[in-house]
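**Student:** Got a structure here, written out as structure tokens. Questions coming.
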Amino acid sequence: GKKQQSLTSFFTPK
Amino acid sequence: MLEARLSQSMVLKKVVDAIKDLVQDCNFDCNDSGIALQAMDNSHVALVSMLLKAESFEPYRCDRNIALGVNLVSLTKVLRALQNDDLVTLKADDAPDSLNITFESSTADRISEYDLKLMDIDQEHLGIPDTEYAATVTMPSTEFKRICTDLQAMSESVTIEATKDGIKFSCAGDIGNGAVTLRNYQNVEKEHLNVDIELTEPVSLTFSLKYLVNFCKAQPLSDRVKICLSNEVPLLVEYLITGTSYLRFYLAPKVRD
Chain Y
60 GKKQQSLTSF
70 FTPK
Chain A
222 MLEARLSQSM
232 VLKKVVDAIK
242 DLVQDCNFDC
252 NDSGIALQAM
262 DNSHVALVSM
272 LLKAESFEPY
282 RCDRNIALGV
292 NLVSLTKVLR
302 ALQNDDLVTL
312 KADDAPDSLN
322 ITFESSTADR
332 ISEYDLKLMD
342 IDQEHLGIPD
352 TEYAATVTMP
362 STEFKRICTD
372 LQAMSESVTI
382 EATKDGIKFS
392 CAGDIGNGAV
402 TLRNYQNVEK
412 EHLNVDIELT
422 EPVSLTFSLK
432 YLVNFCKAQP
442 LSDRVKICLS
452 NEVPLLVEYL
462 ITGTSYLRFY
472 LAPKVRD
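Residue numbers (my numbering), protein chains in the order written: chain Y, 60 to 73; chain A, 222 to 478.
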């Protein structure tokens, strides 16, 4: 199966 | 204060319709360059990024940074009153409690005026890195919508593969498998039907169809959609609005468990 990644692991708070 | 008048008022309604099922409360950040919005969905899987540039409005005035904290369900209720050729004007003070929205009929015989209560929304802004995408596909937005909707009937996820042969959307579900492949296509007379695939290296990524189908609610904004992919980074789906104003969606990929 495949697991959904979170966007926060790619985009970080400014 | 903010004063922004939009002659293509349906753009506002289409933007709100496109994002209201993904995000509920968000700040419209106004400054002298235009009105921007950035919001993540509750599950932190998708992000909406909109920019309505000042040039899209006439007139446009905004002396300082103003955040309009809007509940999109409430804004939708106000926008119900908007009719096709109306001019819409947005007005707000520097530290506003409410947003004043006026609709004027093109014949100027009707003026509707609403005040929408605003809220304080503490929203983190995310830095989106500049990415040179390995594959950029521009295609008819209706085609993209149809592919996503059709494949969602079979599966939760779609694998998007871009190679020199084309772009392939494939899925595997309980009832079987499905795939749609598009190749580069040029129609000189009907350019909106073109499929343009620019590729620097092959890409293969898997995404949740639920989110992609949601992004396709932006289809009425533009007859073209741009899809940008690189291995192991979020997908970018972009609809141009008017001029260089845009509505973008980012979606985190699924990876092997």
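Note that CB positions come from ideal geometry on N, CA and C, so glycine has one too.
Taking the alpha-carbon of A:Ala239 as reference, which of A:Glu224, A:Val266, A:Thr297, A:Tyr281 has the nearest alpha-carbon?
**Tutor:** Checking every option, the nearest Cα to that of A:Ala239 belongs to A:Thr297.
**Student:** Bridge partners of A:Pro361, per DSSP?
**Tutor:** According to DSSP, A:Pro361 bridges with A:Arg445.
**Student:** Quick one: using the 10 Å Cβ neighbour count with 16 as the cut-off for buried, is A:Ile412 buried or exposed?
**Tutor:** One detail in the question is off: residue 412 of chain A reads as Glu in this sequence, not Ile. With fewer than 16 other Cβ atoms within 10 Å, it is exposed.
**Student:** Against chain Y, does A:Gly394 count as a neighbour if the rule is that its beta carbon must be under 7 Å from one of theirs?
**Tutor:** Not an interface residue.
**Student:** Restricting to Cα atoms, I'd like to know which of A:Asp262, A:Ala257, A:Gly255 is closest to A:Asp246.
**Tutor:** Selected option, being the one with the closest Cα: A:Asp262.
**Student:** Nearest to A:Asp343 by CA position, among A:Phe249, A:Ala439, A:Leu223, is which residue?
**Tutor:** Of A:Phe249, A:Ala439, A:Leu223, the residue nearest in Cα terms is A:Phe249.
**Student:** How close, in whole Å, do the beta carbons of A:Ala260 and A:Val244 come, if the pair is a contact with beta carbons under 8 Å?
**Tutor:** Indeed they touch by this definition, with Cβ atoms about 4 Å apart.
**Student:** Spell out whether any CB of chain Y is found under 7 Å from the CB atom of A:Leu268.
**Tutor:** For A:Leu268, the answer is yes, since a Cβ of chain Y falls inside 7 Å of its Cβ.
**Student:** Please confirm if A:Asp351 has its CB atom under 7 Å from at least one CB of chain Y.
**Tutor:** No, A:Asp351 does not count as interfacial toward chain Y.
**Student:** Given that a residue counts as buried once 16 or more other Cβ atoms are within 10 Å of its Cβ, and exposed if not, what is A:Gly397?
**Tutor:** Classification for A:Gly397: exposed.
**Student:** Using a Cβ-Cβ cut-off of 7 Å, state whether A:Arg477 counts as contacting chain Y.
**Tutor:** So, interface residue.
**Student:** Give the interface partners of A:His265 over in chain Y, defined as CB-CB distance under 8 Å, in chain order.
**Tutor:** Neighbours of A:His265 on chain Y, chain order: Ser65, Leu66, Thr67.
**Student:** State the Cα-Cα distance for the pair A:Cys283 and A:Glu224, rounded to the nearest angstrom.
**Tutor:** Approximately 7 Å between the Cα atoms of the pair.
**Student:** Kindly give me the distance between the Cβ atoms of A:Leu347 and A:Leu268, rounded to whole angstroms, as I take these residues to be in contact under 8 Å.
**Tutor:** So it is a contact: roughly 7 Å between Cβ atoms.
**Student:** Smallest Cα separation from A:Leu456: which of A:Tyr467, A:Ala439, A:Lys475, A:Leu442?
**Tutor:** That would be A:Lys475, whose Cα lies nearest to the Cα of A:Leu456.
**Student:** For A:Phe470, report the span of its beta strand (DSSP E) as first-last.
**Tutor:** It spans 467-472 - the beta strand (DSSP E) in which A:Phe470 sits, taken as one unbroken run.
**Student:** Is there a C-beta anywhere in chain Y that falls below 7 Å from the one on A:Tyr413?
**Tutor:** Tyr is not the amino acid found at residue 413 of chain A; the sequence shown has His there. So, not an interface residue.
**Student:** Taking the straight line between their C-alpha atoms, what separation do you get for A:Asp364 and A:Ala316?
**Tutor:** For the sequence presented, residue 364 of chain A should be read as Glu rather than Asp. Looking at the two C-alpha atoms, the distance is approximately 43 Å.
**Student:** Is A:Ala383 helix, strand or coil when you go by DSSP?
**Tutor:** Note: A:Ala383 maps to strand in three-state DSSP.
**Student:** So what's A:Ile349 in DSSP terms, helix, strand or just coil?
**Tutor:** Three-state result, A:Ile349: coil.
**Student:** Grab the span of the beta strand (DSSP E) containing A:Val299 for me, first residue to last.
**Tutor:** From DSSP, A:Val299 is part of no beta strand (DSSP E) but of the alpha helix (DSSP H) over 293-300.
**Student:** Does the beta-carbon distance from A:Leu450 to A:Ala383 come in below 7 Å?
**Tutor:** A contact, by the Cβ cut-off of 7 Å.
**Student:** Can you tell me which of A:Asp253, A:Val291, A:Arg285 puts its alpha carbon nearest to the alpha carbon of A:Ser277?
**Tutor:** Out of A:Asp253, A:Val291, A:Arg285, A:Asp253 has the C-alpha closest to the C-alpha of A:Ser277.
**Student:** By Cβ distance below 8 Å, which residues in the same chain neighbour A:Leu293 in space, the five residues on each side in sequence not counted?
**Tutor:** Closer than 8 Å at the Cβ level, and outside the excluded window around A:Leu293, lie Val237, Ile240, Lys241, Val244, Gln245, Asp246, Cys247.
**Student:** Check this for me: beta carbons of A:Val299 and A:Tyr335, under 7 Å apart or not?
**Tutor:** Contact: yes.
**Student:** Measure the alpha-carbon distance for A:Ala313 versus A:Gly255 and round it to whole angstroms.
**Tutor:** Approximately 14 Å, taken between the alpha carbons.
**Student:** Between the region 413-429 of chain A and chain Y, which residues of the former have CB atoms less than 8 Å from a CB of the latter, in chain order?
**Tutor:** Flagged, chain order: Thr427, Ser429.
**Student:** Please list, in chain order, the chain Y residues whose beta carbon lies closer than 8 Å to that of A:Leu347.
**Tutor:** Those are Leu66, Thr67, Phe70, Thr71, Pro72, Lys73, listed as they occur along chain Y.
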